[in-house]
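Novice: Same order as they appear, the protein sequences are chains L and E. Per this note's numbering: the first sequence = residues 1170 to 1674. Per this note's numbering: the second sequence = residues 1170 to 1674. Glycine included, each C-beta is placed from N, C-alpha and C at the ideal position. The structure presented is a predicted model; accordingly, all values stated were derived computationally and were not measured. I have a structure I would like to understand better, so I am pasting it below and will then ask my questions one at a time.
2 protein chains.
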Amino acid sequence: MEFKIQQLQIKAGKYKVVLNTEDAKELGTRGGDRVQLKDHSYLTAIAETGDMIPKGSVGVYQEICEKMGKVCPLTVDIIPTSRPSSVAFIKKVMDHQKLTQEEIYQIVQDIVRDNLTEIEMAAYVTASYIHGMTSDEVEWLTRAMIDTGEKIEFDTHPIMDKHSIGGVPGNKISLLVVPIIAANGLLIPKTSSRAITGAAGTADLMEVLAPVELNAEEIKSITEKVGGVIAWGGATNIAPADDKLIHAEYPLSIDPYNQLLASIMAKKGAVGADSVVIDIPVGTGTKVPTTQEGKKLARDLIELGERLGMSVECAMTYGASPVGRTVGPVIEVREALKVLETMEGPNSLIEKSTALAGILLEMGGAAAKGRGKEQAVETLRSGKALKKLKEIIEAQGGNPNISYQDIKPGEHKAELPSPADGYVIEFDNKRIIEIARIAGAPIDKAAGVWIHKKKGEMVKKGDPLITIFADKGWKLSNAMKNAEKDFPIIVEGMLLERVQTFRVV
Amino acid sequence: MEFKIQQLQIKAGKYKVVLNTEDAKELGTRGGDRVQLKDHSYLTAIAETGDMIPKGSVGVYQEICEKMGKVCPLTVDIIPTSRPSSVAFIKKVMDHQKLTQEEIYQIVQDIVRDNLTEIEMAAYVTASYIHGMTSDEVEWLTRAMIDTGEKIEFDTHPIMDKHSIGGVPGNKISLLVVPIIAANGLLIPKTSSRAITGAAGTADLMEVLAPVELNAEEIKSITEKVGGVIAWGGATNIAPADDKLIHAEYPLSIDPYNQLLASIMAKKGAVGADSVVIDIPVGTGTKVPTTQEGKKLARDLIELGERLGMSVECAMTYGASPVGRTVGPVIEVREALKVLETMEGPNSLIEKSTALAGILLEMGGAAAKGRGKEQAVETLRSGKALKKLKEIIEAQGGNPNISYQDIKPGEHKAELPSPADGYVIEFDNKRIIEIARIAGAPIDKAAGVWIHKKKGEMVKKGDPLITIFADKGWKLSNAMKNAEKDFPIIVEGMLLERVQTFRVV
Chain L
1170 MEFKIQQLQI
1180 KAGKYKVVLN
1190 TEDAKELGTR
1200 GGDRVQLKDH
1210 SYLTAIAETG
1220 DMIPKGSVGV
1230 YQEICEKMGK
1240 VCPLTVDIIP
1250 TSRPSSVAFI
1260 KKVMDHQKLT
1270 QEEIYQIVQD
1280 IVRDNLTEIE
1290 MAAYVTASYI
1300 HGMTSDEVEW
1310 LTRAMIDTGE
1320 KIEFDTHPIM
1330 DKHSIGGVPG
1340 NKISLLVVPI
1350 IAANGLLIPK
1360 TSSRAITGAA
1370 GTADLMEVLA
1380 PVELNAEEIK
1390 SITEKVGGVI
1400 AWGGATNIAP
1410 ADDKLIHAEY
1420 PLSIDPYNQL
1430 LASIMAKKGA
1440 VGADSVVIDI
1450 PVGTGTKVPT
1460 TQEGKKLARD
1470 LIELGERLGM
1480 SVECAMTYGA
1490 SPVGRTVGPV
1500 IEVREALKVL
1510 ETMEGPNSLI
1520 EKSTALAGIL
1530 LEMGGAAAKG
1540 RGKEQAVETL
1550 RSGKALKKLK
1560 EIIEAQGGNP
1570 NISYQDIKPG
1580 EHKAELPSPA
1590 DGYVIEFDNK
1600 RIIEIARIAG
1610 APIDKAAGVW
1620 IHKKKGEMVK
1630 KGDPLITIFA
1640 DKGWKLSNAM
1650 KNAEKDFPII
1660 VEGMLLERVQ
1670 TFRVV
Chain E
1170 MEFKIQQLQI
1180 KAGKYKVVLN
1190 TEDAKELGTR
1200 GGDRVQLKDH
1210 SYLTAIAETG
1220 DMIPKGSVGV
1230 YQEICEKMGK
1240 VCPLTVDIIP
1250 TSRPSSVAFI
1260 KKVMDHQKLT
1270 QEEIYQIVQD
1280 IVRDNLTEIE
1290 MAAYVTASYI
1300 HGMTSDEVEW
1310 LTRAMIDTGE
1320 KIEFDTHPIM
1330 DKHSIGGVPG
1340 NKISLLVVPI
1350 IAANGLLIPK
1360 TSSRAITGAA
1370 GTADLMEVLA
1380 PVELNAEEIK
1390 SITEKVGGVI
1400 AWGGATNIAP
1410 ADDKLIHAEY
1420 PLSIDPYNQL
1430 LASIMAKKGA
1440 VGADSVVIDI
1450 PVGTGTKVPT
1460 TQEGKKLARD
1470 LIELGERLGM
1480 SVECAMTYGA
1490 SPVGRTVGPV
1500 IEVREALKVL
1510 ETMEGPNSLI
1520 EKSTALAGIL
1530 LEMGGAAAKG
1540 RGKEQAVETL
1550 RSGKALKKLK
1560 EIIEAQGGNP
1570 NISYQDIKPG
1580 EHKAELPSPA
1590 DGYVIEFDNK
1600 RIIEIARIAG
1610 APIDKAAGVW
1620 IHKKKGEMVK
1630 KGDPLITIFA
1640 DKGWKLSNAM
1650 KNAEKDFPII
1660 VEGMLLERVQ
1670 TFRVV
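The structure is reproduced here in structure tokens:
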């Protein structure tokens, strides 16, 4: 049937049209069915039905006009067509039937090409979440995620990489690990993410120092030039299926285990990594509450690495407390840079960074077995790591002459004093992140939480437990109210009730 | 934050806004999150994010402006808010945890109020499909579906009702059952559906004779006046959750078993039915392939009826072959009316209609135990059923003087002759429905398929197997091509290959 085109001034995120309910009946088309639009060539679109489009017209979202050419045609011929075959494969997942490698590839390809409706995407992630996957299926999913995106191929090997499972505030170790590895002559093209539910992702941190929106070509050339890079993966087209899956998972608050494995390893596979160290923070409040679960995750990551030809080592780390004492982009960078410049700083940060860097140095053959950590500490102490980070900053387009003292937290700040003398007996990571986010992190880079007292430490009544920084007074005030209502840090003997003792400093 | 309102000239089917990606970050809002719009009062909307809305503006779909008043305000204050609690209950379903009655009610209420996103709806139907439900949960779901819609309350009892599980072409028996019951002094307010994937629903059939888009008040008053009605349930607000669930299930080609039970019984409960007979067609090509599955379905329906205070009897019927010899609105009505007027017509139709009517007559106390069918046949033979149907037609606003001879099938027709002598050994219900739909049914009411030979019958080479009727020549031609490509009826000894022998008659 021929339809008059009515341009809808809005994007749908995919090829989508709206048909009048009567016309749709005539075509035998229902919401979510596919139609072909015949102009010069065929374009397949998702059909919705509704009464705001008059009979004989078809509402087309912006993507369709863009695809059809500069000037959208006035009319178009529309023919019902079948759903993508991947919809039938998603049904198989729902019915707990095993998929073939081709079927999984087809699903991932249709996800990447925006060929699936939100209902189909949601059914896929829900069914995957409920039924899980076999090891074969996880491998095929990972390979499909790699192959449906951009890949970086280096001429020199080995390529090293590092990943953290996340969930721990203040985990700024990549700022130390990457330059330590690169300073030892190994290549480490680190792609990283921005915080989604956290207070600062590695990409948010690095952006304080240099641009991070690099494409795959830039990542490759900078890595080849200075040995390392810290880029935002979202600016590349590496494993693009991951973001699309998250779009359907986030609203359901799910993070299917096997997709987590595939997502991590696909990003490493796409940059051609040979050796990968994975940081698994374990403990209350992290994504991995117990050591047992941490061990299972480690085994599964190592096995998946083997299947993909990557050498993987996992390090379980203490995750119940922040790494270092800062949470929020600017103050985390300040803390990391201070360690690089002076070797002064929190033990938890220095120990964790050099331990993970040490594993990578041994895996890459740059340090003898058992000597990696020592060498990492030496790289740090000698100033070689700092020099390398400056080279990386400069190569990415930042100012290499920056010092930690130049990096200033938000001008609005307030301290939360301890209401009692005693030891810190409870420390709530999630609340620290929440307060940092309300203060503006990660969007307001200078917002964050400085932690004065961690679990087990002694505090005197009136001494500050945390300092909150913010760019905007109203955000500081909201964060203060939130912190007061439910203390993120509990001191032995303090009253567990509302204590209005914030002081603006 | 205050935003400039940009009206989107399109409906979303729910309260929905689009925020600029940067603004959304600032608010800490992601796609699928909820925001509150503060105008005079608060309105909760689903937020999407995108770059086609400029910073500082919010795109609002039509429903929001309509809700906010005749003139949409120029600006609006937007505050992030939490998701409806039913999203957490859907997560429980995904995790296979039992729900309470209140939690199920909350989910159904949010479904009816369009408070859930497509992703949340899809997760719910997918998880329900995979995990199933306990008997308690099915009962609570049914009660919630009844209570979140319109209910009809009769002063006189008992109220009789009838339902067919469907899947059999030509199942026009309600046109006989309803007048037989009403002619015996019982009340039967039958709501029915239009065909979704079939060739003709009961509502499509009745519409050939009289208007079927009646509201609940009209259904009540017509039933009280003449004893029966055959209305389209979709015109009422009875159990509205059902249609919304189907909207998410159809694209996934799923029909979760427990939702089927709840949907059937909610519609009966909402009209205040005391006694219900349910027709379960069993056999290849139906929704219930085996007698075993039919028995389980019957037991579950009877148990659910007991829980809801309804007396339910189920009749398993032969479903592998059409009821009567016609498929498509007009020709089905012609066949049914001919039986009512002359008692001449296919045995399968007369037998099935009177058997089911007989059960209802006994359940309602209008016939002695074991004498229901006999009495139903007598009601038919005496002309009382015809007289009653005419009263119902007139009460619904149709022409009571219509006779079967006045009802004409589509003017374009073609016969498919048998390519061989022999017995019909295969008969494909689904193909018959497909051909009728391609010919135009159910939208083109006069389109359909007349079946000359059913399974086991003898046919001579050249004798017609089916006649296809259509309103439009091109649809007839498409239906013919489809039938030729893959014969719906296989005659012993015929070549199973393409035989181009259609003749336009």
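1. Under 8 Å, CB to CB, which of the residues in the stretch 1177–1209 of chain E have a partner in chain L?
2. By the three-class DSSP mapping on this structure, what secondary structure does residue 1149 (chain L) have?
3. For residue 1295 (chain E), which of E:1204, E:1422, E:1373 has the nearest alpha-carbon?
4. Would you give the residue range spanned by the alpha helix (DSSP H) that residue 1600 (chain E) belongs to?
5. At a Cβ cut of 8 Å, what residues of the stretch 1216–1229 of chain L count as close to chain E, listed as they run along the chain?
6. Can you name, in chain order, every residue of its own chain whose Cβ lies under 6 Å from the Cβ of residue 1647 (chain E), other than the five neighbours on each side?
7. Compare the beta carbon distance of residue 1658 (chain L) and residue 1618 (chain L) with 8 Å and say whether it is the shorter of the two.
8. Exposed or buried, residue 1360 (chain E), counting other C-beta atoms within 10 Å across all chains shown (16 or more means buried)?
9. Could you check the C-alpha separation between residue 1356 (chain E) and residue 1347 (chain E) for me, to the nearest Å?
10. Looking at residue 1513 (chain L) and residue 1341 (chain L), is the spacing between their C-beta atoms short of 8 Å?
11. Leaving out five residues before and five after residue 1566 (chain E) in sequence, what residues of the same chain have Cβ atoms less than 8 Å from its Cβ?
12. Tell me which residues share the same chain as residue 1535 (chain E) and place their Cβ nearer than 7 Å to its Cβ, disregarding the 5 neighbours each side in the sequence.
13. Mind listing the chain L neighbours of residue 1299 (chain E)? Cutoff is C-beta to C-beta under 7 Å, in chain order.
14. In the DSSP assignment, the alpha helix (DSSP H) including residue 1261 (chain E) goes from what residue to what residue?
15. Please compile the residues from chain L whose C-beta is within a distance smaller than 9 Å of the C-beta of residue 1581 (chain E).
16. Using the Cα positions of residue 1506 (chain E) and residue 1377 (chain E), report the straight-line distance between them to the nearest angstrom.
17. For chain L, is any of its Cβ atoms less than 8 Å away from the one on residue 1371 (chain E)?
18. Less than 8 Å between the beta carbons of residue 1372 (chain L) and residue 1610 (chain L), yes or no?
19. Give the residues of chain L in contact with residue 1423 (chain E), contact being defined as C-beta atoms less than 8 Å apart.
20. Would you check if the distance between the CB atom of residue 1410 (chain L) and the CB atom of residue 1314 (chain L) is smaller than 8 Å?
21. Does residue 1592 (chain E) come out as helix, strand or coil in the three-state DSSP assignment?
22. When the Cα atoms are used, what is the spatial distance from residue 1668 (chain L) to residue 1420 (chain E)?
23. So, with DSSP's three-state summary, where would you put residue 1295 (chain L)?
24. Out of L:1324, L:1317, L:1425, L:1364, point me to the one whose CA is closest to residue 1333 (chain L)'s CA.
25. Between the Cα of residue 1602 (chain L) and the Cα atoms of L:1629, L:1581, L:1656, which residue gives the shortest distance?
26. Is the stretch 1173–1192 of chain E touching the stretch 1220–1227 of chain E in the sense that three or more CB pairs, one from each, lie closer than 8 Å?
27. Could you name the residues of the same chain whose beta carbon sits closer than 7 Å to that of residue 1215 (chain E), not counting the 5 residues immediately before and after it, in chain order?
28. If you run the structure through DSSP and keep just helix, strand and coil, what is residue 1246 (chain L)?
29. Beta carbon of residue 1483 (chain E), beta carbon of residue 1433 (chain E): below 8 Å?
30. When the distance is taken between beta carbons, is residue 1537 (chain L) closer than 8 Å to residue 1523 (chain L)?
31. Skipping 5 residues on each side, what residues in its chain have a beta carbon closer than 8 Å to that of residue 1470 (chain L)?
32. Do you know how far the Cα of residue 1577 (chain L) is from the Cα of residue 1337 (chain L)?
33. For a contact defined as C-beta to C-beta under 7 Å, what are the partners of residue 1612 (chain E) on chain L?
34. At a CB distance below 9 Å, what residues from the stretch 1575–1608 of chain L approach chain E? Give them in sequence order.
35. Could one say the Cβ of residue 1275 (chain L) lies closer than 8 Å to chain E's Cβ atoms, at least one of them?
36. Are the C-beta atoms of residue 1213 (chain L) and some chain E residue less than 8 Å apart?
Specialist: According to the structure shown:
1. Hits within the stretch, in order: 1177, 1178, 1179, 1180, 1182, 1187, 1194, 1195, 1197, 1199, 1200, 1201, 1202.
2. Any answer about residue 1149 (chain L) is impossible in this case: the structure gives chain L only from 1170 up to 1674.
3. For residue 1295 (chain E), the closest of E:1204, E:1422, E:1373 by C-alpha to C-alpha distance is E:1422.
4. 1598–1607 is the span of the alpha helix (DSSP H), which, as asked, contains residue 1600 (chain E).
5. Within the stretch 1216–1229 of chain L, those residues whose Cβ lies closer than 8 Å to any Cβ of chain E are, in chain order, 1219, 1220, 1221, 1228.
6. Excluding sequence neighbours, residue 1647 (chain E) sits near 1607.
7. Going by beta carbons, residue 1658 (chain L) and residue 1618 (chain L) fall outside the 8 Å limit.
8. Classified as buried, residue 1360 (chain E) has 16 or more neighbouring CB atoms from the shown chains inside 10 Å of its CB.
9. Spanning the two alpha carbons is a distance of roughly 9 Å.
10. The answer is no: Cβ separation not under 8 Å.
11. Around residue 1566 (chain E): 1379, 1380.
12. These residues qualify, in order along the chain: 1353, 1354, 1355.
13. The answer, in chain order, is 1263, 1296, 1299.
14. Following the DSSP letters along the chain, one finds residue 1261 (chain E) inside the alpha helix (DSSP H) bounded by residues 1254–1263.
15. Those do not exist, as residue 1581 (chain E) stays about 17 Å from chain L at its closest Cβ, beyond 9 Å.
16. C-alpha of residue 1506 (chain E) to C-alpha of residue 1377 (chain E): approximately 11 Å in a straight line.
17. Cβ-Cβ to chain L under 8 Å: no for residue 1371 (chain E).
18. No. Outside cutoff.
19. Residues of chain L passing the Cβ test: 1260, 1263.
20. Yes, the pair counts as a contact, with Cβ atoms nearer than the cut-off.
21. In the displayed model, residue 1592 (chain E) falls within a strand according to three-state DSSP.
22. With a pLDDT of 45 at residue 1668 (chain L), under the threshold of 50, the modelled position of this residue cannot be trusted; read the value that follows with caution. Cα to Cα, the separation comes out at about 54 Å.
23. Residue 1295 (chain L) falls in the helix class under three-state DSSP.
24. Distance check between residue 1333 (chain L) and each of L:1324, L:1317, L:1425, L:1364 places L:1364 closest, using alpha-carbon atoms only.
25. Checking every option, the nearest Cα to that of residue 1602 (chain L) belongs to L:1656.
26. Segments in contact, yes.
27. Excluding sequence neighbours, residue 1215 (chain E) sits near 1183, 1184, 1185, 1201, 1203, 1286.
28. Note: residue 1246 (chain L) maps to strand in three-state DSSP.
29. At a Cβ-Cβ threshold of 8 Å, residue 1483 (chain E) and residue 1433 (chain E) do not count as neighbours.
30. No. Outside cutoff.
31. If we look at residue 1470 (chain L) and ignore the five residues flanking it on each side, its Cβ neighbours are 1430, 1433, 1434, 1447, 1481, 1483.
32. Rounded to whole angstroms, residue 1337 (chain L) to residue 1577 (chain L) spans 23 Å at the Cα level.
33. Neighbours of residue 1612 (chain E) on chain L, chain order: 1194, 1195.
34. Those residues of the stretch 1575–1608 of chain L that come within reach of chain E (Cβ to Cβ, closer than 9 Å) are 1606, 1607.
35. No, its Cβ sits nowhere closer than 8 Å to a Cβ of chain E.
36. False, the Cβ-Cβ gap to chain E never drops below 8 Å.
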